[in-house]
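Protein chains in written order, with the working numbering: chain R, 1 to 150; chain B, 151 to 445.
For reference, the structure is listed below as structure tokens.
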Amino acid sequence: MRQHIHRGSFLRTPAVLALASATTLAFLLILFLTAALGARERSWDIARLSAVFREAPVESSSWPNPYAGRNDAVRAGAKLFRVHCAECHGENGQGRTGAPALRTSVIQETPPGVLFWFLRNGNLRQGMPSWSGLPDQQRWQIVSFLKTLH
Amino acid sequence: MNLRACRYLPAAAACLLLWAAMPARCRAQEGPYFVTYDHHMEEPGNLELELEPTVTRPSGGNRAYSGLMELEYGTTAWWTTELYLEGQSTVNDSTIFTGFRIENRFHILPTEHWINPVLYVEYENTSADKALKEVVGFDSQSDGLDPNGEARSDVEREIETKLILSSDYKGWNVAENFIGEKNLAHEPWEFGYAFGVNRPVGLAASPEWCNLCRENLRAGLELYGGLGTADDLTLRGTSHYIAPIVAWSLPNGTTFRLSPGFGLTSDAYRFVLRLGVNYEFAGFGRKVRQFFQSR
Chain R
1 MRQHIHRGSF
11 LRTPAVLALA
21 SATTLAFLLI
31 LFLTAALGAR
41 ERSWDIARLS
51 AVFREAPVES
61 SSWPNPYAGR
71 NDAVRAGAKL
81 FRVHCAECHG
91 ENGQGRTGAP
101 ALRTSVIQET
111 PPGVLFWFLR
121 NGNLRQGMPS
131 WSGLPDQQRW
141 QIVSFLKTLH
Chain B
151 MNLRACRYLP
161 AAAACLLLWA
171 AMPARCRAQE
181 GPYFVTYDHH
191 MEEPGNLELE
201 LEPTVTRPSG
211 GNRAYSGLME
221 LEYGTTAWWT
231 TELYLEGQST
241 VNDSTIFTGF
251 RIENRFHILP
261 TEHWINPVLY
271 VEYENTSADK
281 ALKEVVGFDS
291 QSDGLDPNGE
301 ARSDVEREIE
311 TKLILSSDYK
321 GWNVAENFIG
331 EKNLAHEPWE
341 FGYAFGVNRP
351 VGLAASPEWC
361 NLCRENLRAG
371 LELYGGLGTA
381 DDLTLRGTSH
391 YIAPIVAWSL
401 PNGTTFRLSP
411 GFGLTSDAYR
421 FVLRLGVNYE
431 FAGFGRKVRQ
441 FFQSR
């Protein structure tokens, strides 16, 4: 059977087109307003970063990094950092408005297990997403990389 | 495949290679699911553009190609908002715009737990929709037999709610969705479910930049179907599907997904083919803020 697809029928429905355009514009407007005004950036300082890490369970400070001392894990962590973290924390972990610098003594002094816990949970109310979607191995690799940031 | 289509293959392959060679930007951690939702939200300030073609064919009817465009924005770390625009083309019939959906997802608990609940609320205004974005009530393949001209006169304005429960364990994600959908006309609540499980092929990341690393590939399975209505909560006469899924994420923020779905009941389509391409615009919100601040 010969197939007929009436490609023009879509254009014959101006009301539908108008509705779709209006909805798209409304969404984009909401999105722009949210981006411009709604998602308020918060300034992070060392004291605040330390306070967030203190929320970690006590036992997490004794969790050992299975990749400790492995150079390949640091390299893999650097790659993961660039893919997942650099957009907010900067390419070199120098921080950006709204996301703290990671080249701080706090990161170096915090036990690896606490950093691992924090990557898993994030701090949703303050803008840090949870990275529980990454396998444990990849979060440990990121921790390995963070420990090299001086 | 005809010869005309073959002419475009080298160009398409070149585009794909060029796309894969784009520098690393950002990659979301959302699962590869087509129907099921997990608790991973869009990263705050990121905008994801997604195209999702679906091919269906009811018994005794014409094949339909549905197209769904999705814009997903991470408003905050606990709130994701999305807009869908849909259309479909039915062989021997017509090509039409089928409607739109606006949805919001809210991550309820501040930290990770064994089971992480997310609330989902959506308003949809669709007609002649064949994308099978969800299956509820007594949705069946016979719905796809109605000619577009007839089906599009039946505009469905619906509120859809979902309770999303999702867990991560040793690289696996397991997600369950309980769906309740209410047509704002006087129709009863319709119910449905979706279940998904997936895992990356490789758990640890390789130190090198690569497109075909094992950690860039995910495989999984979805199971979804209808559960009748508030007046008739039953499995009889409902549609159920099982669908393996594979996803390939590139470091530049693009993800390709594929899912051949198989109907498990006589009321379901025998075969549903879904494709998906996502691209993540990292830091979209930040760039917009900078734009406004620099004015």
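Glycine included, every Cβ here is placed at the ideal spot set by N, Cα and C.
May I ask you to list the residues that DSSP assigns as paired with residue i?
i	result
H257 (chain B)	B:V268
K332 (chain B)	B:I309
V422 (chain B)	B:T206 and B:G411
E222 (chain B)	B:E198 and B:E232
N348 (chain B)	B:N323 and B:G370
D318 (chain B)	B:N323
F341 (chain B)	B:G330
W398 (chain B)	B:L367 and B:F406
N212 (chain B)	Paired residue(s): none; N212 (chain B) is not in a bridge.
I392 (chain B)	B:L373 and B:F412
I107 (chain R)	For I107 (chain R), which the question treats as bridged, DSSP gives no partner whatsoever.
G378 (chain B)	B:G287 and B:L383
N275 (chain B)	B:F250 and B:R307
M191 (chain B)	BP columns for M191 (chain B) are empty, so no partner.
V427 (chain B)	B:L201 and B:F406
G237 (chain B)	B:G217 and B:F247
R96 (chain R)	R:A99
Taking the alpha-carbon of residue i as reference, which of the options has the nearest alpha-carbon?
i	options	result
S23 (chain R)	B:G411, B:W264, B:Y273 and B:R368	Note on residue identity: the sequence assigns Thr, not Ser, to residue 23 (chain R). The shortest Cα separation from T23 (chain R) among B:G411, B:W264, B:Y273 and B:R368 belongs to B:Y273.
E253 (chain B)	B:V205, B:T225 and B:N323	B:T225
P64 (chain R)	R:V143, R:D72 and R:H150	R:V143
L235 (chain B)	B:T206, B:L199, B:S244 and B:W264	B:L199
K283 (chain B)	B:G411, B:W359 and B:P267	B:G411
K147 (chain R)	R:I46, R:S105, R:F27 and R:A56	R:S105
H84 (chain R)	B:V438, B:K437 and B:G433	B:G433
Q440 (chain B)	R:L149, R:R139 and R:G98	R:G98
R302 (chain B)	B:Y319, B:V185, B:I246 and B:H190	B:I246
A281 (chain B)	B:F250, B:W264, B:V438 and B:E300	B:F250
N323 (chain B)	B:H190, B:V185 and B:F184	B:H190
I392 (chain B)	B:D318, B:V347, B:G237 and B:G217	B:V347
V185 (chain B)	B:N242, B:R386, B:L408 and B:L383	B:L408
L425 (chain B)	B:Y187, B:Y419, B:C360 and B:A397	B:A397
V52 (chain R)	R:K79, R:M128, R:L149 and R:Q141	R:M128
A227 (chain B)	B:S239, B:T240, B:G237 and B:P194	B:P194
N95 (chain B)	B:D289, B:F406 and B:K320	Because chain B in this structure spans residues 151 to 445, residue 95 (chain B) falls outside the shown range and cannot be described.
T110 (chain R)	R:L25, R:S62, R:R139 and R:N92	R:S62
P299 (chain B)	B:H263, B:D243 and B:P267	Residue 299 (chain B) is actually Gly in this sequence, not Pro. The candidate whose alpha carbon is nearest that of G299 (chain B) is B:D243.
D188 (chain B)	B:I258, B:N366, B:V438 and B:T206	B:I258
T240 (chain B)	B:G321, B:E192, B:S416 and B:G217	B:G217
F256 (chain B)	B:L315, B:P357 and B:M219	B:L315
A369 (chain B)	B:S356, B:G413 and B:G321	B:G321
L385 (chain B)	B:Y343, B:W229 and B:N366	B:Y343
A26 (chain R)	B:L371, B:A418 and B:L233	B:L233
N92 (chain R)	R:S21, R:L149, R:L29 and R:A18	R:L149
P260 (chain B)	B:T276, B:S277 and B:W229	B:W229
Please confirm whether any heavy atom of the ligand ZN lies closer than 7 angstroms to the CB of residue i.
i	result
N254 (chain B)	The ligand ZN is absent from the structure shown, which contains no ligands of any kind.
Taking residue i and residue j to be in contact with their CB atoms under 8 angstroms, please state how far apart those CB atoms are, rounded to whole angstroms.
i	j	result
L373 (chain B)	Q137 (chain R)	With a Cβ gap of about 28 angstroms, L373 (chain B) and Q137 (chain R) do not count as contacting.
P135 (chain R)	P182 (chain B)	With 8 angstroms as the limit, P135 (chain R) and P182 (chain B) do not qualify as a contact, their Cβ atoms being about 14 angstroms apart.
A101 (chain R)	Q108 (chain R)	Incorrect: roughly 12 angstroms between the Cβ atoms, too far for contact.
I329 (chain B)	V286 (chain B)	6 angstroms
S130 (chain R)	L124 (chain R)	7 angstroms
Q291 (chain B)	P208 (chain B)	4 angstroms
F421 (chain B)	L383 (chain B)	Contact flag wrong, Cβ pair sits at about 28 angstroms.
N110 (chain B)	E358 (chain B)	Any property of residue 110 (chain B) remains undetermined from this structure, which presents chain B solely from 151 to 445.
E430 (chain B)	N196 (chain B)	6 angstroms
**Report entry** Chain-ordered residues of the region 120-138 of chain R with a beta carbon less than 9 angstroms from chain B
**Finding:** Taking 9 angstroms as the Cβ-Cβ cut-off against chain B, the residues of the region 120-138 of chain R that qualify are R120, N121, G122, N123, L124, R125, Q126, G127, M128, P129, S130, W131, S132, G133, L134, P135, D136, Q137 and Q138.
Query raised in the report: Would the region 329-340 of chain B and the region 373-391 of chain B be scored as touching if the rule is three or more Cβ pairs under 8 angstroms?
Result: yes
Report task. Take every Cβ of the region 197-213 of chain B, pair it with every Cβ of the region 112-126 of chain R, and state whether three or more of those distances are shorter than 8 angstroms. Result -> no
Query raised in the report: At a Cβ cut of 8 angstroms, what residues of the region 218-239 of chain B count as close to chain R, listed as they run along the chain?
Result: Those would be L221, Y223, G224, T225, T226, A227, W228, T231, L233, L235, G237 and S239, in chain order.
Query raised in the report: Quick one, which residues of the region 87-98 of chain R are near chain B if we go by CB-CB under 7 angstroms, in chain order?
Result: E87
Requested in this report: Determine which residues of the region 340-357 of chain B have a Cβ less than 7 angstroms from any Cβ of chain R, and write them out in chain order.
Outcome: Listed by position along the chain: P350, L353, A354, A355, S356 and P357.
Report task. Quick one: which residues of the region 309-342 of chain B get their C-beta closer than 8 angstroms to a C-beta of chain R? List them in chain order. Result -> D318, K320, G321 and N323
Query raised in the report: Using 8 angstroms as the threshold, is the region 304-316 of chain B in touch with the region 255-271 of chain B, meaning 3 or more CB pairs across them?
Result: yes
Requested in this report: May I ask you to list, following chain order, the residues of the region 66-85 of chain R that have a beta carbon less than 9 angstroms from some beta carbon of chain B?
Outcome: Y67, N71, D72, A73, V74, R75, A76, G77, A78, K79, L80, R82, V83 and H84
Query raised in the report: Taking any Cβ of chain R, which residues in the region 258-273 of chain B have a Cβ under 9 angstroms from it, in chain order?
Result: L259, P260, T261, E262 and N266
Requested in this report: Count the CB pairs spanning the region 51-58 of chain R and the region 387-402 of chain B that are closer than 8 angstroms, and state whether there are at least three.
Outcome: no
Report task. Output, in sequence order along the chain, the residues in the region 394-427 of chain B whose CB is closer than 9 angstroms to any CB in chain R. Result -> P401 and G403
Requested in this report: Select from the region 184-218 of chain B all residues with a C-beta closer than 9 angstroms to any C-beta belonging to chain R, and list them in chain order.
Outcome: D188, H189, H190, M191, E192, E193, P194, G195, N196, L197 and N212
Requested in this report: Return the residues of the region 282-297 of chain B that lie within a Cβ-Cβ distance of less than 7 angstroms from chain R, sorted by chain order.
Outcome: none
Report task. Below 8 angstroms between beta carbons is the criterion; list the residues of the region 364-389 of chain B that meet it against any residue of chain R, in chain order. Result -> E365
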